[in-house]
Amino acid sequence: MLNRVVVAPSGFKESLSAEAAADAIAAGVRRVLPHAELDLVPLVDGGEGTAVALAAATGGKVVTVPATGPVGETIAAHFALLGDGDTAVVEMAAVAGLSLVPRDLRDPGATTTYGVGELIRSALDRGVRRILVGCGDSGTSDGGAGALQALGARLLDERGEELPVGGRELTRLHRVDPRGLDARLADVELLVACNPYNVLCGERGVARVFGPQKGATPEQVEQLSAGLENWAFVLTRDVAVPDTNLRYGPGTGASGGLGAGLAALGARLLPRFDVLLDHLDLDARLARADLVVTAEGALDHQTPRGKVPAEVARRAKLHGRPVLALAGTLGEGAHEVPGVDACHGILPAPMELAEALLRASELLTDATERALRMIVLGTRLPVVAEASETGQADVSGTQRPSSVR
0 MLNRVVVAPS
10 GFKESLSAEA
20 AADAIAAGVR
30 RVLPHAELDL
40 VPLVDGGEGT
50 AVALAAATGG
60 KVVTVPATGP
70 VGETIAAHFA
80 LLGDGDTAVV
90 EMAAVAGLSL
100 VPRDLRDPGA
110 TTTYGVGELI
120 RSALDRGVRR
130 ILVGCGDSGT
140 SDGGAGALQA
150 LGARLLDERG
160 EELPVGGREL
170 TRLHRVDPRG
180 LDARLADVEL
190 LVACNPYNVL
200 CGERGVARVF
210 GPQKGATPEQ
220 VEQLSAGLEN
230 WAFVLTRDVA
240 VPDTNLRYGP
250 GTGASGGLGA
260 GLAALGARLL
270 PRFDVLLDHL
280 DLDARLARAD
290 LVVTAEGALD
300 HQTPRGKVPA
310 EVARRAKLHG
320 RPVLALAGTL
330 GEGAHEVPGV
340 DACHGILPAP
350 MELAEALLRA
360 SELLTDATER
370 ALRMIVLGTR
380 LPVVAEASET
390 GQADVSGTQR
400 PSSVR
């Protein structure tokens with residue numbers, strides 16, 4: 000019997016927050032299992048919604064402040080002060096996320112993380128002892144250069160002139176002057192919650208893997224890659240703490256390389272789920288479930304590389320719980336995500352992306368209902384007995400197999 004269902008989705012980029020996705024799935028579950036106990040656990044991965052979710056989970060609060068957005072305009076950004084009173088959560092997507100970049104301005108060579116540095120400064124103004132930076136859903140590829148500029152570092156070209164913001168400028172970087180960095184950084188613990196699979200440089204570097212998603216042409220991808228290589232070299236020489244591998248260290252490519260920029264300041268780059276999910280008591284909640292439903296915008300071969308459905312499935316399987324994954328698109332490898340027992344796409348028919356984004360909540364609810372009805376049907380089917388010693392299965396009570404081949 001499905002008496003208790005845990006709903007633990009990620010958000011759908013540029014469409015549904017994790018909270019909205021959880022609500023949509025819950026509505027679909029209630030159509031089929033109106034008396035089931037639902038436990039909604041909208042999950043954050045460091046991207047959109049992280050600050051709000053962690054503030055709510057810990058009895059903290061969200062602080063709204065003006066900051067520089069990814070294309071240079073001043074926006075109303077925010078960070079969270081957690082309930083412990085000592086920790087601030089800076090969600091980079093709240094000030095430099097892809098959703099803040101208008102589609103006609105999507106040039107990752109020009110966008111900046113300057114506002115991330117401004118949010119860190121605002122958190123320092125509150126006297127916190129720990130700052131957790133959530134990486135994800137970024138619209139930038141500047142290696143965190145903008146954040147360091149906002150924190151007081153000077154990025155200089157060969158003539159000693161300061162570079163403008165933007166990743167494309169990093170090919171001209173000659174020297175980083177760290178003398179103006181905010182002195183208060185030395186007195187706080189700086190943690191970065193990131194995907195450890197993302198690295199700054201090389202063939203799997205962040206510009207090559209994610210640049211096209213942010214609007215980069217093939218030529219711009221190569222330009223950004225070269226700029227980040229130069230950024231890693233100069234930053235390592237002029238700023239980075241000893242033995243810091245800014246090129247290939249786990250998580251250095253997080254959020255367009257923001258991980259590398261902050262690592263140079265001594266930040267610890269940590270697997271995001273190890274940092275974030277403890278606040279939500281996820282493991283204990285999964286242990287009590289009869290069924291776990293997770294979801295994300297896409298399920299494919301990249302899902303096991305640090306995405307929410309894979310992490311939920313991994314943890315659920317530690318308790319032997321079945322997992323259903325819902326997704327906007329099912330790509331190559333969708334049926335091979337470890338721990339996911341079944342997956343289901345939410346689109347009932349081909350449609351334009353704009354329509355799918357607009358109707359995402361409705362589509363997710365309807366898809367949940369369809370999937371749950373199939374699960375319930377399966378629980379009512381007679382169980383086929385194990386094959387007998389003669390090799391013939393017992394099919395009593397079921398339609399006998401046809402002899403037609």
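Under numbering that gives the first Met the number 0, the first residue of the sequence shown carries the number 0, and numbering increases by one thereafter.
Quick reminder that beta carbons are idealized off the backbone N, C-alpha and C, glycines included.
No experiment lies behind these values; they were computed from the predicted model shown.
In this structure, DSSP gives THR73 an extended state, which the three-state scheme calls strand.
Contact annotation: ASP136 and GLY96 have beta-carbon atoms nearer than 7 Å.
Residue pairing for PRO249: DSSP places it in no beta bridge. Membership of ILE345 in any alpha helix (DSSP H) is not indicated, and neither H nor E is assigned to it by DSSP. Ranked by Cα distance from ALA92, the options VAL31, VAL43, ALA152, HIS343 are led by VAL43. VAL339 and LEU329 have their C-alpha atoms roughly 13 Å apart.
Across the structure, ARG271 and VAL31 are spaced so that their CA atoms are roughly 34 Å apart.
In this structure, ALA309 lies away from VAL292, with their beta-carbon atoms at least 7 Å apart. Assignment of alpha helix (DSSP H) within the segment 126-193, counting only whole runs of 4 or more residues, yields 144-149 in chain order. A buried status is given to PRO41, since no fewer than 16 other beta-carbon atoms sit within 10 Å of its beta-carbon.
It is roughly 24 Å from the alpha-carbon of LEU264 to the alpha-carbon of PRO65. Between ALA146 and VAL127, the C-beta spacing is not below 7 Å. Put simply, the backbone Cα of LEU53 is about 13 Å away from that of LEU281.
Taking the CA atoms as reference points, GLY296 sits about 46 Å from ARG158.
Here DSSP, grouped into helix, strand and coil, assigns THR364 to helix.
Per DSSP, GLU36 lies in no alpha helix (DSSP H); the unbroken beta strand (DSSP E) holding it starts and ends at 36-39.
A direct Cα-Cα distance of roughly 6 Å separates LEU81 from ALA87.
DSSP places LEU285 inside the alpha helix (DSSP H), whose first and last residues are 281-286. DSSP places VAL208 within a helical segment (H, G or I) once states are collapsed to three.
Counting along the chain, the unbroken alpha helix (DSSP H) around GLY27 starts and ends at 17-31. Within the same chain, Cβ atoms closer than 6 Å to the Cβ of ALA21 are found at VAL6, PRO8, LEU39, PRO41, the five residues on either side in sequence being excluded. For GLU36, the closest C-alpha among the options LEU285, PRO241, THR243, VAL132 is that of LEU285. For GLU295, the three-state secondary structure derived from DSSP is strand. Relative to the Cα of ALA253, the nearest Cα in the group SER14, VAL28, SER140, THR67 belongs to SER140.
Rounded to the nearest angstrom, the Cβ distance from VAL322 to ALA315 is 5 Å, consistent with a contact under 8 Å. With fewer than 16 neighbouring CB atoms inside 10 Å of its own CB, LYS60 falls in the exposed class. Under the DSSP assignment, LEU268 falls outside any alpha helix (DSSP H), being part of the beta strand (DSSP E) whose first and last residues are 267-270. Membership of THR63 in the beta strand (DSSP E) is indicated by the continuous run 60-67. The Cβ atoms of TYR113 and THR170 lie no closer than 7 Å to each other. One Cα belongs to LEU234, the other to ILE345, and the distance between them is close to 45 Å. In terms of Cα proximity to GLN212, the closest of GLY255, ALA225, ILE74 is GLY255. PHE11 and ALA324 have their alpha carbons spaced roughly 13 Å apart. By the CB criterion at 7 Å, SER121 and GLU13 fall outside the cutoff.
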